[in-house]
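So in the numbering used here, spot 57 of the sequence shown is number 79, and the numbers just go up one at a time.
Where is the CB? At the ideal position from N, CA and C, for every residue including glycine.
What follows is a set of notes on a single structure, which appears directly below.
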Amino acid sequence: MTAARQVHPDLAIMRETAAIVLDPAALAASRDEIAALIEDLTGHLHELVPAVEELTGSRPSTADQVCALAGLAEARRKLGQQPEEGREAAHARRLARVLVALSAHWETLSRPPVSP
């Protein structure tokens, strides 16, 4: 019998990418730079979504798990959207915000349970 493998995403790198995008100076980035950041954010989310899903489980029993499920739904919705022409920076910012939220969910759910 094999234990489930828990993925430990590199949250520092993910948050660094999100911080770059959320910095107001990023709005002045070129289209190519924004496209590269969107690609990075999408890759990070594709790594983080299954990691949070694993921690949430198929039958969430805590408020933290239910909140994480809402975050997962939002992440999937954002990943399914294509940026509108000329609105790529706004799309990148939406991806960055959902990445920050999911990373917080991962941290919350990966903490050892507190005994009452």
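Beta-carbon proximity of residue i to residue j, cut-off 9 Å
i	j	result
A124	A85	Note that residue 124 corresponds to Leu in the displayed sequence, not to Ala. No; because the gap between Cβ atoms is not below 9 Å, this pair is not in contact.
H127	V74	yes
T78	L33	no
L70	A97	yes
A57	R119	no
L94	L117	no
Top-ranked residue by Cα proximity to residue i, from the options
i	options	result
R53	T78, H30, H113, G93	H113
E76	A57, A50, P31	P31
A51	G102, H68, Q87, G108	G108
Local Cβ density within 10 Å of residue i, reported as buried at 16 or more and exposed below that
i	result
R115	buried
H68	exposed
L49	exposed
D45	exposed
Enclosing alpha helix (DSSP H) for residue i [first to last residue]
i	result
S125	110–132
H66	53–78
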